[in-house]
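In our numbering, the protein residues as written are 16 to 116.
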């Protein structure tokens, strides 16, 4: 299941990069409702369960007892999901190497 989660995290981050999502201090930013729509396409866990696992593995930055963090976007503070770009890049590189070998 971990490999499935890694692939999904990479796919979400790829999508966000291609759609020119906001990036703030090393994180891709997305509203939770929008992310949940993406995560609900693969039904192996609920979107909330996936986010809790992602948080536990430090793939996302979130406040205590939350899966979101307040960020300032266009002068307004909003609760969003912050996906770690360095984790995404490392996973992507390792998955590409695994395909080669």
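Where is the CB? At the ideal position from N, CA and C, for every residue including glycine.
query                                                                                                                  : result
N-terminal and C-terminal residue of the beta strand (DSSP E) that residue 42 is part of                               : 42–45
Complete runs of the beta strand (DSSP E) confined to the segment 34–107 [at least 3 residues]                         : 42–45, 84–88 and 91–99
Inter-residue spacing [alpha-carbon to alpha-carbon] between residue 22 and residue 40                                 : 23 Å
Touching by the beta-carbon criterion (3+ pairs, under 8 Å), the segment 24–35 and the segment 78–91                   : no
Closest Cα partner of residue 76 within the set 95, 28, 48 and 16                                                      : 95
CB contact flag (residue 20, residue 65, <8 Å)                                                                         : yes
Spatial neighbours of residue 103 in its chain, beta-carbon cut-off 6 Å, leaving aside the 5 residues before and after : 28
Same chain only: Cβ atoms within 7 Å of residue 68, ignoring 5 sequence neighbours per side                            : 20
Contact check, residue 38 vs residue 45, beta carbons under 8 Å                                                        : no
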